[in-house]
Amino acid sequence: MSAAQQPAFDEATQVCILPLRSIMATRRPVIIILTCVSFAHLQKELGQFLEQEQSKAKMQASIHELTDKCWNTCITGSLSGKFSRSEASCLENCVDRFLDTSLFIVKQIEQQKAGMH
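Oh and the sequence shown: position 43 is 43 in full-length UniProt numbering, straight run, nothing missing.
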């Protein structure tokens, strides 16, 4: 099919248009399966998907950073079956502080966004 014979999506009517010439040109029985989707709709879906994936990546990066910082700060002895009491306490406090800080930053960003609108 040439470009003139390709299906087109009419945004105003939300209808998919297939030129009759492209059907008639075959001169034999034709089964047409036509999917015509608004490109704007596809772009919106793609944008939402990318935002979700970026959010997941940020969350994974935060967890990785948390693990590294707390491990390097708190684990002082050799690895065994259990953490010492001081290591366990340190890890718990480290995670709590990390989460408190992250929550504080998110709230500050939300307040700044609210102030812009």
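Virtual Cβ for every residue (Gly too), placed ideally from N, Cα, C. From a predicted model like this one, the values you see are computed outputs, not experimental measurements.
If you compare the alpha carbons of Thr73, Gln43, Gln112 and Ser84 with that of valine 95, the shortest gap goes to Thr73. DSSP places phenylalanine 104 in the helix class (H, G or I) of the three-state scheme. Threonine 73 carries a helical assignment under DSSP once its states are collapsed to helix, strand and coil. A check of alpha carbon separations from serine 102 across Trp71, Ala88, Leu91 and Ser62 identifies Ser62 as the nearest. Between the region 98-113 and the region 62-71, the count of C-beta pairs closer than 8 Å reaches three or more; the two stretches touch. In this structure, the CA atom of alanine 57 is about 10 Å from the CA atom of glutamate 51. Within the model, the alpha-carbon separation for glutamine 43 versus serine 55 is close to 18 Å.
Collapsing the DSSP output to three states places leucine 79 in coil.
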